[in-house]
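The structure under discussion appears below in the form of structure tokens.
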Amino acid sequence: MEKFSKKSAIKFGWEIANRKIKFFIPLLILVYGLLALLNSFSDSLKKESFLASFILNIISSLISIIFGLGLIKISLKLCDGEEAKFSDLISQYKLFFRYLFASFLYGLITFLGFILLIVPGIILSIRLGFFDYLIVDKNSRIIESLKRSWEITKGNAWNLFLLYLLFAIINISGAFALIVGLFWSIPTTMLAEAFVYRKLSSQLKV
462 MEKFSKKSAI
472 KFGWEIANRK
482 IKFFIPLLIL
492 VYGLLALLNS
502 FSDSLKKESF
512 LASFILNIIS
522 SLISIIFGLG
532 LIKISLKLCD
542 GEEAKFSDLI
552 SQYKLFFRYL
562 FASFLYGLIT
572 FLGFILLIVP
582 GIILSIRLGF
592 FDYLIVDKNS
602 RIIESLKRSW
612 EITKGNAWNL
622 FLLYLLFAII
632 NISGAFALIV
642 GLFWSIPTTM
652 LAEAFVYRKL
662 SSQLKV
């Protein structure tokens, strides 16, 4: 059972985010700017053409997933001391459907957990939550990614819960800092999560 330090994770994330801030600022502007633009177009088209609005929403969701997987790849590369590139943002597009099905299964399992009681739902969402990292990093299959996430988070549910609370506080603080703070807080929490994943996944045999 591998343990991790919340302080070390956030410190690591902050240091790398500061060092790579010139990379992250345009990257985040591209990611969130493009998604905001698509959503804005979609909303403006609702009254004129529901179909066009629906198609734009689908495109926005597709791009959001690909960007999300790309951001995981970027975080892992920086965590490993490698150089990240803008092209990494779309480098994981081939994993789209695998992630989509794994995400659906993850959502279904956690939903059932929340129906039973809130606590089991929270535990399941945390214990299975690294499935996307495992898909990107280990090329894990759908079921395998969930099983491996459950394996590496054993004994760390409470620590991870507290970590995610800290992430929320950091990003809310970033938003209050005239939004500009998000350019530091988002990369910090992304990299801190990658750091924790690397720590926990070190116990995997393959």
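For the sequence shown, my numbering gives the first residue as 462, with consecutive numbering after it.
Quick reminder that beta carbons are idealized off the backbone N, C-alpha and C, glycines included.
Computed from a prediction, not measured in an experiment: that's the story for all the values here.
Scanning 512, 597, 613, 520 for the CA closest to the CA of residue 500 turns up 520. At a Cβ-Cβ threshold of 8 Å, residue 568 and residue 574 do not count as neighbours. Around residue 528, the same chain offers 492, 550 as residues with beta carbons nearer than 7 Å, after the five sequence neighbours per side are excluded.
Scanning the segment 526–575 from its first residue to its last, no whole beta strand (DSSP E) run of 3-plus residues comes out.
Scanning its chain for C-beta atoms nearer than 8 Å, with the 5 sequence neighbours on each side dropped, one finds around residue 484 the residues 545, in chain order. The DSSP assignment places complete alpha helix (DSSP H) segments of no fewer than 4 residues inside the segment 585–632 at 592–599, 603–613, in order along the chain.
Straight across, the Cα-Cα distance linking residue 556 with residue 604 is about 14 Å. Burial check for residue 600: the Cβ neighbour count within 10 Å stays below 16, so the residue is exposed. By the Cβ criterion, the segment 649–666 is in contact with the segment 591–599, since at least three pairs of Cβ atoms, one from each stretch, lie closer than 8 Å. The three-state reading of DSSP puts residue 476 in helix, counting H, G and I together. Non-local beta-carbon contacts of residue 587 in its own chain, meaning distances under 8 Å to residues more than five positions away in sequence, involve 614, 618, 621, 622, 625 in chain order. For residue 482, the enclosing alpha helix (DSSP H) starts and ends at 482–506.
CA-CA distance, residue 505 to residue 514, rounds to 8 Å. DSSP, read as helix, strand or coil, puts residue 579 in helix.
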